[in-house]
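Structure record follows, encoded as structure tokens.
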Amino acid sequence: MKVPGVTNSRALAITLAFAIAMDALIAVGYSWCVPLVVASSQEKSALFAEIARDYNASSPRVGLRCVHVSVNLVRSGDAEDALARDWDRASDGPRPVVWSPAAKSWLLLLQQHRAERHLSSLISTTPTSLANSPLVVAMPRPMAEALGWPEQNVGFSDLISLAGDAEAWSRRGHGEWGPFRLGKTNPMSSTSGLHALMGTYFAAVNAPPVEADLSNPKVTAFVQDVEYAVVHYGDSVATFLVNLLEADRRGVGLTYVSAIAMEEKQVIDYNNGNPRSLLDNPNPLPPRTQLLAFYPEEGTFIADHPYAILDAPWVDTLQREAAQAFLGHLLSPPVQLRFANAGFRSYDGTPGALINRDNGVLPDQPRLTQPPPSGRLIEGMQRSWNALRKRADVLLVIDVSAAMGGQLPGRATKLDLAKQAAAAALEYLSGEDQVAIWIYPSRVASGRSYEEIAPLGPLASRRETLGSLIEGLSTSSGDPPLYMTTRAAVASVAGTFDRKRINAVVLLASGQNNDRDANLQGLLRELQNQEVPVRVFGVAYGTQEEAVAMQLIAEASHGATYEASDATTIRRVISGLLSNF
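In our numbering, the protein residues as written are 365 to 945.
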């Protein structure tokens, strides 16, 4: 005989037990959740990460499983390179389910590179645009207004005229601004740099270019003239904007750079005191002098921020479903408003409230846009750029003190990684670039803090010899005289300064300074007040605290520093460093 209610009680108990078990699984962490890794370009990564956090808090699910979205900042060019190689987790980080570069151009390039390697395409469906931001040429307000902003526009032909005329600003009553200087990021890694290169070719041909144009002497001369106006290249626009804001605060912004190619959104960010496009900028101090945006009159390219769900062997069905659901969330009106509030146009190009003259941008522009060319042609433009880019005189300065003998995760020493970066520089640079190599502390009693192991000279005939010198380096017992050596290195490069070349010091160092010369502030003042602009770029292999001095040195010279305390990120660190040349 059954007792009434026993069956229902048992069912209830089973249901409760299942619910408790499910909660326990979730409580363990995200190991049971469907992992949705998104590789995002820099300018939207902070916003993307915040949207993902809010989405995770809403407990999204695919079937019975929870979903956890994580957003990793990966420069568009670095992500394309990693995906073209099938993404090595050891050196490239977590494999993405979704790739959202800044522009479709990178997707076309990826398809081209994988086809050349006889690999399957990872892009099997048409990616969806999340937001738009056109390429602009941004100039400090006085310079832009001297050229007729906002009524007048400028194009790449105008940039060549300005760069080729030593009296360009004097003719407009402003000789105190010096020569015209262009800031442009590296087209191998940065979208604004790639789009500026594409725009230069379109302007040179005055029509959509074809493959034959890449070897046309008139076209290549046009492109090279633009490149020769470049102050230095960079891995991201943020490098230029951080340097410009620092120069602006010292009242010398107009002599640092005259124009920078960037996304429209980044003009808004800079003018609001946010040069790194951070979502939560702790100290938003707007510049004294705003940037104003010109939209290249030959036509500009749109950073359409595509959302590409990868058709890769490491992506399973549940991850694709989770990615599709997250895309729906990203396209919803409340989330699209967040993109607009961050300075983007909508995915169909509609300008939001921040796209206005007060922010230095024009809602009725661009009047002419260009579609990206084929992946094959983009690859050809990049290859051509390697031959046409501005050449460099580089002094490699390598710390071989005892501080570089410490091991990092992965058993490599700091000096091992520094040697790896130096060897990569020799491989990357052109034979027409000139290289010198110093080490410090000096191993000989010369009275100097450093030892020159290779004088400045063309790389072409010395690549193998210099590589052997670097490979043979080992740590010494001496203390690192960072400040004294940096001062001497900058003076050495200044002594052979050539305006037609990028003139730079590359510091591969621990960041420690154990020397009688401890006057960092004096060194920074000297770097800020150089008669000729020698920039210092550094890779810091010590702790974050030890890297601070190198960061200050780089900023004072309008360069950049990259932290390399983790051996697993060294590929991206080297890529970022070399993007400046």
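Ideal placement from N, C-alpha and C gives every residue a C-beta, glycine not left out.
Helix, strand or coil for residue i? Go by DSSP, reduced to three states.
i              : result
histidine 477  : helix
arginine 614   : coil
isoleucine 866 : strand
serine 622     : coil
isoleucine 673 : strand
alanine 873    : strand
alanine 706    : coil
serine 553     : coil
tryptophan 463 : strand
serine 641     : coil
serine 493     : strand
tyrosine 565   : helix
glycine 547    : strand
valine 426     : strand
isoleucine 666 : strand
Using a Cβ-Cβ cutoff of less than 6 Å, which residues in the same chain neighbour residue i once the five nearest sequence positions on both sides are dropped?
i              : result
isoleucine 801 : Leu760, Ile817 and Ala818
leucine 732    : Gly663
serine 434     : Val401
proline 498    : Glu628, Thr664, Ile666 and Pro730
proline 737    : none
asparagine 723 : Ile632 and Asn635
aspartate 675  : Leu486 and Ser488
Who does residue i pair with in a DSSP beta bridge?
i             : result
glutamate 627 : Leu499
proline 660   : BP columns for proline 660 are empty, so no partner.
alanine 756   : Ile866
serine 404    : Leu437 and Ser464
valine 431    : Val398
alanine 1000  : Any property of residue 1000 remains undetermined from this structure, which presents the chain solely from 365 to 945.
proline 504   : Leu655
valine 594    : Leu546
Let's test the definition: count the other Cβ atoms within 10 Å of the Cβ of residue i and tell me whether it reaches 16, buried, or not, exposed.
i              : result
serine 748     : buried
threonine 1012 : Summary: the structure shown does not reach residue 1012, with the chain confined to residues 365 through 945, and so no result is reported for it.
aspartate 387  : Interpretation of aspartate 387 is limited by its pLDDT of 44, a score under 50 that renders its predicted location unreliable; no figure is taken from the coordinates.
alanine 403    : buried
arginine 481   : exposed
glycine 692    : exposed
glutamine 771  : exposed
glutamine 1006 : Nothing about residue 1006 can be read from this structure; the chain reaches only from 365 to 945.
glutamate 927  : buried
lysine 548     : buried
proline 551    : buried
proline 424    : buried
aspartate 712  : exposed
glycine 615    : exposed
arginine 753   : buried
glutamine 516  : exposed
glycine 795    : exposed
leucine 942    : buried
Here's a check: name, in chain order, each residue in its chain whose Cβ is nearer than 7 Å to the Cβ of residue i, leaving out the five neighbours to either side.
i                 : result
aspartate 442     : Ser553, Arg936 and Ser939
leucine 578       : Gly744, Met745 and Ser748
glutamine 700     : Ser710
arginine 684      : Ile673
phenylalanine 690 : Leu400, Tyr419 and Val433
Who are the Cβ neighbours of residue i in its own chain at under 8 Å, not counting the five residues just before and after it?
i             : result
proline 651   : Leu608, Leu609, Asp612, Arg613, Gly617, Tyr634, Asn635 and Gly637
threonine 653 : Pro504, Arg505, Pro506, Asp612, Gly617 and Leu618
serine 464    : Val402, Ala403, Ser404, Ser405, Lys408, Phe412, Leu494, His669, Pro670, Tyr671 and Ala672
Completely contained beta strand (DSSP E) runs for the region 777-853, where each covers 3 or more residues
798-804 and 815-822
Fully enclosed by the region 717-765, which alpha helix (DSSP H) runs are 4 residues long or longer?
739-752
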